[in-house]
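Engineer:
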Amino acid sequence: MPRYAIDLNLGRSNQAIASSLRILSAMFVVYLFGFLSDAGYHRKLMASSAIATSLVHLAWGFVKDGYQLYAYAIAVGLTSGGYDICLFGIFSEIAANDDEYYMSLYSMFSFFRGMATVTVGTVGVKLLRLSPEVLGDSYALGKYQR
């Protein structure tokens with residue numbers, strides 16, 4: 030989000046505000062999803078979170094100014110904040126009270142998530158190099174077009 034704020038010619042304070050809004054809205058959702066997941070709604074929450082997260086990221090390309098970026102940051106936080114919380118309920122359901130199996134599931138998930146975190150930087154750099162030009166009227170500021 031800060032990189033996109035730079036492309037929008039927003040200052041450091043606006044970049045920090047956008048990042049803070051995303052984190053604060055995610056904190057609210059993590060608490061709410063944790064409560065609801067513990068109550069047994071983890072399947073529905075995970076499905077709705079996956080769909081909402083996918084849909085909200087489509088809106089990213091239409092962000093053209095700071096206020097839209099703030100709204101997008103809040104939307105991203107609200108939709109993607111609780112996804113991981115639901116996994117613990119799913120792991121418990123799959124493991125069926127087998128602690129060793131539960132830890133194996135959790136370990137595999139953590140490993141693959143870590144691999145994704147490590148590789149996303151490389152993929153992001155390659156995408157950013159596709160077009161150094163910023164086009165204000167294009168989807169995603171024209172940054173990812175050939």
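If you want our numbering, it's the 1-based position in the sequence shown plus 29.
In this text, a Cβ means the ideal position worked out from N, Cα and C, and glycines have one as well.
(1) Whole angstroms is fine: what's the gap from Leu134's alpha carbon to Phe120's?
(2) Out of Gly111, Ile35, His71 and Leu116, state which residue places its alpha-carbon closest to the alpha-carbon of Leu53.
(3) Helix, strand or coil for Val92? Go by DSSP, reduced to three states.
(4) I'd like to check one pair, Thr108 with Val85: are the Cβ atoms closer than 7 Å?
(5) Give the C-beta separation of Gly118 and His71 to the nearest angstrom, bearing in mind that I take them to be a contact with Cβ-Cβ under 8 Å.
(6) Taking all protein chains shown into account, do 16 or more other C-beta atoms lie within 10 angstroms of the C-beta of Ile114, making it buried, or fewer, making it exposed?
(7) Leu39: which of Thr151, Arg142 and Asp94 sits nearest, CA to CA?
(8) Could you spell out the range, first to last residue, of the alpha helix (DSSP H) harbouring Gln132?
(9) Please list, in chain order, all residues of the same chain as Tyr131 whose beta carbon is under 6 Å from its beta carbon, the five residues on each side excluded.
(10) In chain order, what residues of the same chain lie with their CB nearer than 7 Å to the CB of Gly63, ignoring the 5 residues before and after it?
Structural biologist: In short, the structure shows the following:
(1) Locating residue 134 in the sequence shown gives position 105, where the first residue counts as 1. Locating residue 120 in the sequence shown gives position 91, where the first residue counts as 1. The C-alpha of Phe120 is placed about 7 Å away from the C-alpha of Leu134.
(2) Here residue 53 corresponds to residue number 24 of the sequence shown, with the count starting at 1. Among Gly111, Ile35, His71 and Leu116, the Cα nearest to that of Leu53 is on Gly111.
(3) Position 63 of the sequence shown, counted from the start, is the residue given in the question as residue 92. Val92 falls in the coil class under three-state DSSP.
(4) As a position in the sequence shown, residue 85 is number 56, starting the count at 1. As a position in the sequence shown, residue 108 is number 79, starting the count at 1. Closer than 7 Å, so yes.
(5) On the sequence shown, residue 118 is found 89 positions in, with the first residue counted as 1. On the sequence shown, residue 71 is found 42 positions in, with the first residue counted as 1. Confirmed, about 3 Å.
(6) In the sequence shown, residue 114 corresponds to position 85, counting from 1. It is buried - the Cβ of Ile114 has at least 16 other Cβ atoms within 10 Å.
(7) What you label residue 39 is simply residue 10 of the sequence shown in a count that begins at 1. Residue Asp94 is the option with its Cα nearest to Leu39.
(8) For this step, residue 132 is matched to residue 103 along the sequence shown. The sequence given here places Met at residue 132; Gln does not occur at that position. From DSSP, the alpha helix (DSSP H) with Met132 extends over Asp128 to Leu157.
(9) Residue numbering aside, residue 131 sits at position 102 when the sequence shown is read from its first letter. Cβ neighbours of Tyr131 beyond the five flanking positions: Phe120 and Ala124.
(10) Numbered from 1 along the sequence shown, position 34 holds the residue referred to as residue 63. Spatial neighbours of Gly63 in its own chain (CB-CB distance under 7 Å, excluding positions within 5 residues in sequence) are listed in chain order as Ile114.
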